[in-house]
Amino acid sequence: MKNKIMKKTEKLSEETALTTVQPQQEASEQPAENKLTIYDYEQKYTKRQNTRGIKICLRMLIAVFAILIFVCLFFFTMRVWDIHMYAGIGVGVICVLLYIVFFIVPVCKIMKSDYFITNVNAQTAREAQKHNRELRHSISEKIIDFTAKVENVGWYDSYTVGQLAICLKAGDEKGISRNLTALYNGSIKRSGKDLIFRSSMKSAMYSVMSKTNTIDAVLVAFVNLQLIKDLVFLYGFRPSEARLVKIFARVLQNSLFAYGLEGAQIGSSVVKTMGDVVKGIPLLGTAISTIIDSSVQGLANGALTAVIGFQTIKYLAVEYKLQDILDGIELEEEEELKETCEEIEKELRKKKAPHVA
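In terms of numbering that gives the first Met the number 0, the sequence shown opens at residue 0 and continues consecutively.
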């Protein structure tokens, strides 16, 4: 039995080696004239963006989000205060702590994380390549350090992380890129899906247990932001600011939806049908209606959280792929410009020499 397993392992390793070597051979055999230039990249992938406007929009969006959550927590605290003063004080302190831990901290960590620069042109491509190369090194170091220090998490494949450490120490840029790509397409992608599932279940369960629309909105916001923070930590980088605007806008939309979900009566038709079926049984009809209504709310909020998670993963995967494409572009025009300047300098010296004599 052991020999069979060893043979299968050897066969799989041979197949993996063939699949990794073949694209490299094809890339080397590909003619240079078919290689993507910076102008082709600019035409295909670069979009005109108002960088300053995007930053302002992102800050305004975060500010609106902060005010919305603060108002919801404040109203909930005042409601408890009206019932009992000391209970209101206690709830107020708890709300402040929750606001700091589950809103301010995740947002700050997300915004402080670095991102790949992919929206470039011929003038900014060289600087972007340098920045992206440094970021790949930083991501590699974080993944290696996390794998070495934290046990039984299973986020990253240990063998690939070991190969990544070897390439990083040797300064093998292609090896670093290759192993990072393997992690993102393999263990990191699976770990991201697990994080999304757990966060979606949390959002669903909290909505089922909560009976207040303000608390629903706050809980959905907290779970969504925590999920984004965890995915950013898992991948080692965040989406660009233009894409963060879309993600935060979707989180805000989810919170507003959760706030109005109770009044929307999404499950009214289902509840009415089940209530009619059991209306002959005392108290049972009302109980089942409440359970079904809560389940529908939980399902809706869980699904919205899953959408946030998969949207974040999609943006991260797209930007990593774009930086990989950008890294493979050789900016030959700078060398040609240098050679031209040297030729001009030589000609000027030739013309200047007889005049001096």
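Using N, Cα and C, we set each Cβ at its ideal position, and we do this for glycine too.
For clarity, every value in this text was computed on a predicted model and none was experimentally measured.
When the options are compared against residue i, the one with the closest alpha-carbon
i    : options                : result
I312 : S202, E342, R242       : R242
V244 : R47, V219, I53         : I53
F232 : G161, F309, S209, S112 : S112
I66  : I93, P238, A216, G301  : A216
Q48  : F247, Q296, E346, N120 : N120
M110 : L251, N300, R177, F247 : F247
D193 : Q162, G174, L230       : L230
S190 : Y155, Y205, V219, L163 : Y155
L298 : V207, E240, A220, Y234 : V207
S199 : G301, L182, F256, C71  : G301
A203 : Y258, G185, Q296, R348 : Q296
R197 : K141, I99, A305, Q128  : A305
K43  : L321, Y183, I343       : L321
S209 : E342, E41, Y258, K168  : Y258
E41  : Q122, A169, E346       : Q122
R58  : D39, E346, V70, E240   : E240
Three-state secondary structure assigned by DSSP to residue i
i    : result
G308 : helix
E150 : coil
P364 : Because residue 364 is not part of the residues shown, which for the chain are 0 to 356, the question remains open.
V244 : helix
D113 : coil
R398 : The question about residue 398 has no answer here: the residues shown for the chain are numbered 0 through 356.
H130 : helix
L321 : helix
E344 : helix
R357 : Since the first residue of the chain shown is 0 and the last is 356, residue 357 is not available in this structure.
G91  : helix
V119 : coil
T36  : coil
T211 : coil
A239 : Looking at the sequence shown, residue 239 is not Ala but Ser. In the structure shown, S239 sits in coil (DSSP, three-state: anything other than H, G, I, E or B).
N223 : helix
K46  : coil
K140 : At residue 140 the sequence reads Glu, which differs from the Lys that was named. Helix at E140.
G52  : helix
G259 : helix
E41  : helix
I328 : coil
I99  : helix
Proximity of residue i and residue j at Cβ, strictly below 8 Å
i    : j    : result
Q118 : T45  : Sequence check: residue 118 is Asn here, not Gln. Their beta carbons are under 8 Å apart, which means N118 touches T45 by this criterion.
K228 : K108 : yes
N131 : L315 : no
F64  : F236 : no
A86  : V79  : yes
C94  : T76  : yes
I328 : L134 : no
I68  : V106 : no
Y205 : L218 : yes
I187 : V160 : no
R249 : Q310 : yes
T146 : S137 : no
Whole-number beta carbon distance between residue j and residue i, since they are thought to touch under 8 Å
i    : j    : result
I307 : N223 : 5 Å
G323 : S176 : Contrary to the premise, residue 323 reads as Asp rather than Gly in this sequence. Sure, about 6 Å apart at Cβ, within 8 Å.
F221 : F73  : With a Cβ gap of about 16 Å, F221 and F73 do not count as contacting.
P238 : E318 : 6 Å
G153 : C166 : Not really, about 22 Å apart at Cβ, beyond 8 Å.
A124 : I37  : 5 Å
L303 : F256 : 7 Å
Contact test: residue i Cβ vs the ligand SAM heavy atom, cutoff 7 Å
i   : result
G52 : Only the bare structure without any ligand can be found here, which leaves the ligand SAM out of the picture.
* Can you list the beta strand (DSSP E) stretches of 3 or more residues lying completely in the stretch 143 to 206, in chain order? -> none
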